[in-house]
């Protein structure tokens, strides 16, 4: 192999000398990229024919020549056959001896380097106790609670709809006989009977009826339990409550008086929470036995004597005694203005606008509602009977003077309360203004301005004291 390398170097040197001589004599150089390789092939053929090529039996001369080359290039690096093939690209050279093994070795080396540089992924071992579904009982409970809430919502809503439809079915015929309009649709501009409840919420249904003498209209409200709310259902189990029907009739005219009858609890709530009952019914309630009623019922009236006997006639007493279990309360008032004002609410300068109403509250039986709801029809008839009776009833002259006096006293009391609250508000405003002025004085940086403001505040306080002293003094004037 080395012998052939030496022959190639010798031929290239000879070809370079001949080329230089040709160029010096002005020979034309052909524009051919492969001309030098063609000349090289011809020279090799000529040398082979002439016998100038060295024989294989002269290894010593070749070794000497290579020794001379090593001495000239001491820094040269001698590459082995493996080093030569390492720098080669496998895509450019094919068919080399042992090339497959070379590239496989290189690929193995690169893969090892990549594996060593990349971080190894370690899969954490999850403990067996965390893989058990028993550890997710909280999530299961929450999901079950949500499912129960949704199911209860649909069941409770259907139950309330059933109660409302049952009441309307058993009462709509009598309402059609008494009123021209039964069930008003607010979205409809023209007045037309719908014979249907207006669903205010899932537990509140309203029905407006009008077109009858002696009254402006009648409002029926079904205040049912919140069966669609699971929390309310649980609270109702702990603190029992019942469904109620409130029938409120607005009268066109009546004599001035306030009268109510009902159970002990309902009468106490009316006196505590209602403005008119609290203001005009000042006497204690009396038992219903005195007026032919059950011992469970109590009577509270602005006027005792002829008024309870006139309202509670035989027909009314009969209906109340027969329906003692469902009757809750009856309120007749010409000064109905809603609930009693609380301390946070400021009373108006004049007495609140009052309405003349008859309000009947009934309890729907808790058991066998669909069977017992039709029995409430007699109480509805009683409410319409009282509408005609109260409009025609006239108080005596003495009682009429008493009721008028009670209303004047209530008006004066309201005016005094309003005046006292206004004075208190004005005093608070003055105190706040004086406090703000003192704070401004304390924050003033200029001592002269601060001194003038202090003198101003001091003069105001002296003036207030002098005015109070002058009001407390009494001057006697002698007659001339």
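Residue numbers (UniProt numbering): 1 to 480.
The beta-carbon is built from N, C-alpha and C at its ideal position, and this holds for glycine as well.
In this text the structure is predicted, and so the values were computed from the model without any measurement.
Ranked by Cα distance from residue 304, the first of 338, 178, 395, 240 is 395.
Taking a cut-off of 8 Å for Cβ pairs, the region 145 to 159 and the region 169 to 177 do not touch, as fewer than three such pairs fall below it. Looking from the CA of residue 212, the closest CA among 183, 228, 233, 179 belongs to 179.
Between residue 267 and residue 279, the gap from beta carbon to beta carbon reaches 8 Å or more. With a cutoff of 8 Å on beta-carbon distance, residue 328 and residue 254 are scored as not near each other. Cα atoms of residue 199 and residue 407: separation of roughly 38 Å, rounded to the nearest angstrom. Its chain contains 258, 260, 270, 271, 300, 331, 333 as the residues whose beta carbon lies nearer than 8 Å to that of residue 277, once the 5 sequence neighbours on both sides are disregarded; these appear in chain order. The bridge partners DSSP lists for residue 248 are 219, 359. Taking C-beta atoms as the reference points, residue 227 and residue 220 fail to come closer than 8 Å. For residue 143, the enclosing alpha helix (DSSP H) starts and ends at 137 to 178.
Sequence-distant Cβ neighbours of residue 292 in its own chain, meaning closer than 6 Å and more than five residues away, are 317. Of the other Cβ atoms in all chains shown, 16 or more fall within 10 Å of the Cβ of residue 302; this residue is therefore buried.
Looking only at 437, 444, 448, 415, the smallest Cα-Cα distance to residue 461 is reached by 437.
A direct Cα-Cα distance of roughly 9 Å separates residue 185 from residue 207. Rounded to the nearest angstrom, the gap between the Cα atoms of residue 364 and residue 326 is 6 Å. Following the DSSP letters along the chain, one finds residue 330 inside the beta strand (DSSP E) bounded by residues 327 to 336. Counted as a single uninterrupted DSSP element, the alpha helix (DSSP H) harbouring residue 428 occupies residues 397 to 443. Straight through space, the alpha carbons of residue 452 and residue 446 are spaced by roughly 10 Å. Judged by DSSP in its simplified three-state form, residue 276 adopts helix. Across the set 195, 143, 244, 312, the C-alpha of 244 shows the shortest separation from the C-alpha of residue 203.
The DSSP-derived three-state label of residue 242 is coil. Listed in chain order, the non-local C-beta contacts of residue 308 below 6 Å within the same chain comprise 291, 299, 301, local neighbours out to five positions each way being set aside. Secondary structure of residue 372 (DSSP, three-state): helix. Cβ contact annotation for residue 360 (same chain, cutoff 6 Å, sequence separation greater than five): 247, 330, 383, in chain order. Following the DSSP letters along the chain, one finds residue 206 inside the beta strand (DSSP E) bounded by residues 204 to 210. In this structure, residue 377 lies near residue 174, with their beta-carbon atoms less than 8 Å apart. Counting every other CB atom within 10 Å of its CB across the protein chains shown gives residue 416 a total below 16, marking it as exposed. Rounded to whole angstroms, the separation of the alpha carbons of residue 320 and residue 338 is 25 Å. By alpha-carbon distance to residue 370, the top candidate from 137, 165, 143, 149 is 165.
By a beta-carbon distance limit of 8 Å, residue 386 contacts residue 358. Their separation comes to about 6 Å. Secondary structure note for residue 387: its alpha helix (DSSP H) is the uninterrupted segment 377 to 392. Looking at the DSSP output, residue 193 sits in a beta bridge with 184.
Between residue 404 and residue 214, the gap from beta carbon to beta carbon reaches 8 Å or more.
Residue range 297 to 301 is occupied by the beta strand (DSSP E) that includes residue 297.
Burial of residue 263 is indicated by the presence of at least 16 other C-beta atoms within 10 angstroms of its C-beta. Listed in chain order, the non-local C-beta contacts of residue 274 below 7 Å within the same chain comprise 339, 340, local neighbours out to five positions each way being set aside.
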